[in-house]
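Colleague:
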Amino acid sequence: MDFRKWLFGFCVVVLFWGLQGYAQNSLSDKDLEDLIKIKTNQIYEDPESCIQFGIEVYEDESVEMDIRVKALSLVSLAYSSKRDYQKALEYISLANELVEQVDNPLLAIEILSKTGILYQQMNIYDKSIEFLDKTEKACLAYPVRDSVRTFLANTYIVKGFIYRGNLSCDIALNFFDKGIKEYEAKGLFYETNVSIAYYNKGSCYLELSRNEEAKESYRRSIYLAEKKGAKSLVSFAQKGLAEVYTSEGRHQEAINLLENALNQSKDVGDLVLNQGIYQGLFENYLALDDWEQYQIYYNHFLEIKNEIQQSERNSISDSIEENDVLKEQQIANLQERFSFNVKVIFVAAIILIVVIVLLQIKAQKHIRDLKKQVEKLQKRKS
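Sequential numbering of the sequence shown, starting at 4, is according to the working numbering.
(1) Within 10 Å of its beta-carbon, does S250 have 16 or more other beta-carbons around it, so buried, or fewer, so exposed?
(2) Can you give me the start and stop residues for the alpha helix (DSSP H) that V247 sits inside?
(3) Please determine, among Y128, Y82, I258 and F134, the residue with the shortest C-alpha to C-alpha distance to Q296.
(4) Could you check what DSSP says for E325 in three-state terms: helix, strand or coil?
(5) Looking at the structure shown, is L291 part of a helix, part of a strand, or coil, going by DSSP?
(6) Could you tell me the alpha carbon to alpha carbon distance between L170 and L176, rounded to whole angstroms?
(7) Between the beta-carbon of Y248 and the beta-carbon of L260, is there less than 8 Å?
(8) Where does S171 fall in DSSP's three states?
(9) Going straight from the alpha carbon of E246 to that of G283, what length do you get?
(10) Relative to the C-alpha of A141, which residue among L75, D149 and L155 is closest?
(11) Quick test of your reading: Y94 and L75, contact by CB under 8 Å. State the CB separation rounded to the nearest angstrom.
(12) Does the stretch 81-97 come close enough to the stretch 133-140 to have 3 or more Cβ pairs within less than 8 Å?
(13) Taking only the alpha-carbon atoms, compute the straight-line gap between S212 and I199 and give it to the nearest angstrom.
(14) Going by CA-CA distance only, name the one from Y193, E194, G190 and Y201 that's closest to F179.
(15) For G119, report the span of its alpha helix (DSSP H) as first-last.
(16) For the alpha helix (DSSP H) containing K140, name the first residue and the last one.
(17) Which of the three DSSP states is assigned to K181 in this structure?
(18) Helix, strand or coil, according to DSSP, for S320 in the structure here?
(19) Indicate the three-state DSSP secondary structure (helix, strand or coil) for L373 in the structure shown.
(20) Under 8 Å, do H254 and A290 count as touching if we go by C-beta distance?
(21) On a CA-only basis, which of E194, K117, Y208 and G252 is nearest A233? Give me that one, please.
(22) Taking only the alpha-carbon atoms, compute the straight-line gap between D273 and A351 and give it to the nearest angstrom.
(23) In three-state terms, what does DSSP make of K85?
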């Protein structure tokens, strides 16, 4: 066997082992997809780690494109949970660009849906409707309806939010009903989104002075939220039902319901919810001429209002600091990858140098052998 071929083969094997060891240190695409699902459930608890993880997965070009798109969606959702909608839009827009490179209609529908919902959160309603219309069209064209019912249901419900605030409750009610119908057709009776839809139906009915229908919708929302164990949704629906009682002059019943809602919301920590409950309490106590209780809850209302304003100011400052930290982490990750690549190149270079030296030694030995053979031939001729 030729010695040079043997050395070349040895070099290739060593490099292969080194690269294989590096690959084993990374996660498979299936592992990454599972981690993205886990991280999605941690969005509100630890958005920063979700952002860091998602960006790392997206920047790894060895990962399949559909996984990278899902990672971008995770990052967008994490920023949205922090109410940093501009950054959320930046990453979901990038996901929309890359999803075109993937033959995955369900993933494309998911990204369209999330983009439409994000625009609704940003109050950019024309863009939201544009993406929600695309989502609806794609869902209706998909061959397996059950696979897209959740996206379709969310599309209808979010359209209901938009039309309730910008057109009329009559139009919004139609979309809420369509969304609920899609969820129930899939057997998802106790989804939190169904409770939210009934809560908004109740608010529409209250606005239209259709009190009995409002009460029925709020009660349905409470029932579904309790089944799901969603305390904040229970409190929101109880607050809505209390508003109906207030409009009917049933102030003590409204107070009882609001106190129940306040008790449930203590562990939730939703400042906006608590502000609404305190407002309902001081308004109802005022209607009953109970000035002492009125003053207590009005003071609580003012405290929460100031806390919300302070939180909004702090979130802007925190967002700037967190962006700086994230950039530093990205730089550190790039430096780590660069350092590893340098090590791989260094090891490969050493192996190649060894191979060249060995080949040179073999060549010199071969030349010496040839010289000896020439000398022997010259001696024989002489």
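Idealized CB from N, CA, C, for every residue including glycine.
These figures come from a predicted structure and were not determined experimentally.
Modeller: In this structure, then:
(1) By the neighbour-count definition (other C-beta atoms within 10 Å, threshold 16), S250 is an exposed residue.
(2) Where V247 is concerned, the enclosing alpha helix (DSSP H) stretches over K234 to S250.
(3) Selected option, being the one with the closest Cα: I258.
(4) For E325, the pLDDT reaches just 49, beneath the cut-off of 50, and the residue's location in the model is therefore unreliable, leaving the point undetermined.
(5) Coil at L291, not helix or strand.
(6) Here the alpha carbon of L170 sits roughly 11 Å from the alpha carbon of L176.
(7) Yes. Within cutoff.
(8) Here S171 sits in coil by DSSP.
(9) Using only the alpha carbons, I get a separation of about 7 Å.
(10) Taking only the C-alpha atoms, the option nearest A141 is L155.
(11) Their Cβ separation, rounded to whole angstroms, is 5 Å, which keeps Y94 and L75 in contact under 8 Å.
(12) Touching, no.
(13) If you take the alpha carbons of S212 and I199, they lie about 20 Å apart.
(14) For F179, the closest C-alpha among the options Y193, E194, G190 and Y201 is that of Y201.
(15) P108 to Q124 is the extent of the alpha helix (DSSP H) around G119.
(16) Per DSSP, K140 belongs to the alpha helix (DSSP H) from Y128 to A144.
(17) In this structure, K181 counts as helix in the three-state DSSP scheme.
(18) Its pLDDT being 45, under 50, S320 is placed unreliably by the model, and the measurement read from it follows with that caveat. Residue state, collapsed to three classes: helix.
(19) Here L373 sits in helix by DSSP.
(20) Yes; because the gap between Cβ atoms is below 8 Å, this pair is in contact.
(21) Minimum Cα distance to A233 is reached at E194.
(22) Approximately 57 Å, taken between the alpha carbons.
(23) Three-state DSSP puts K85 in coil, outside helix and strand.
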